[in-house]
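**Student:** Below are the structure tokens for one structure; questions will follow.
Numbering (the UniProt record's numbering), first residue to last: 1 to 146.
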């Protein structure tokens, strides 16, 4: 060992104040205002979001509503299963919105999330098929209802 070297078992000195690792930095950083926006959206769910939320709550794993993930606020997320569920109204069929959705989906996929998109019509008219699709997409068992 050279003079000034530390033994391998001794952790390095912490960086000077204000420098070093920031767990909120990087591409997965929550956008400024994202938490407040997600709280506001949770307080005013659409009829369709509320219907799906009630069904998701019967499943064995925990989903979060209007969850901030990096720069996105997604309708529903199960972080443990790395699964995101979006409920899309008619506005999502507009070309500029569809392009934005594709970009969000690609970013979320790069973070390890699988994104499932359902139309409001699917959730309103056939919730059982929606839940079957969610069960099939999840790497975790969702069948043990609570």
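Built from N, CA and C at the ideal position, the CB exists for glycine as well.
1. Applying the criterion that 16 or more other CB atoms from any shown protein chain within 10 Å of the CB defines a buried residue, is residue 75 buried or exposed?
2. For residue 87 versus residue 120, is the C-beta distance shorter than 8 angstroms?
3. Under three-state DSSP, which class holds residue 130?
4. In terms of residues, what are the limits of the beta strand (DSSP E) holding residue 67?
5. Would the beta-carbon of residue 48 fall within 8 angstroms of that of residue 124?
6. Thinking C-alpha only, which one of 128, 115, 126 and 141 is nearest residue 83?
**Tutor:** In short:
1. Numbered from 1 along the chain shown, position 75 holds the residue referred to as residue 75. That one is buried.
2. Sequence index remark: in the chain shown, residue 87 carries index 87 (1-based). Sequence index remark: in the chain shown, residue 120 carries index 120 (1-based). Against a cut-off of 8 angstroms, the Cβ pair of residue 120 and residue 87 comes out as a contact.
3. Here residue 130 is taken as the residue at index 130 of the chain shown, counted from 1. Assigned with DSSP and collapsed to three states, residue 130 falls in helix.
4. The count along the chain shown starts at 1 and reaches residue 67 at position 67. Counted as a single uninterrupted DSSP element, the beta strand (DSSP E) harbouring residue 67 occupies residues 64 to 69.
5. For this step, residue 48 is matched to residue 48 along the chain shown. For this step, residue 124 is matched to residue 124 along the chain shown. Yes.
6. If you number the chain shown from 1, residue 83 lands on position 83. Per the Cα distances, 115.
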